[in-house]
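In my numbering, the protein residues as written are 636 to 746.
Virtual Cβ for every residue (Gly too), placed ideally from N, Cα, C.
Each remark here refers to the structure printed beneath this line.
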């Protein structure tokens, strides 16, 4: 069984902590990115998410939003928690990053 609650580190060294998942599947946590487009350190940022609650919970799907502190950006992640052949829990995700656009004409370059 794969459990979202806990500490996670990705291949680039970013660190995420997910708190308890409530009965509705909702959770909170923090995300500390190890990468930055402008080489400045981004402080740990809040995340808010939801896990799909089903009868089959062994490898749940989930999604969460990160509101990056000290920036005008937000990222959304969606994925699934797997248990690999060695019994290790692994998160596989896709993400989308969005920054503030000063006008609708600049919307195209905000993601």
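- The three-state reading of DSSP puts residue 732 in strand, counting E and B together.
- In the three-state DSSP reduction, residue 727 falls in the strand class (E or B).
- It is roughly 15 Å from the alpha-carbon of residue 686 to the alpha-carbon of residue 725.
- With contacts defined by Cβ atoms closer than 7 Å, residue 679 and residue 700 do not form a contacting pair.
- Under DSSP, residue 682 forms a beta bridge with 664 and 701.
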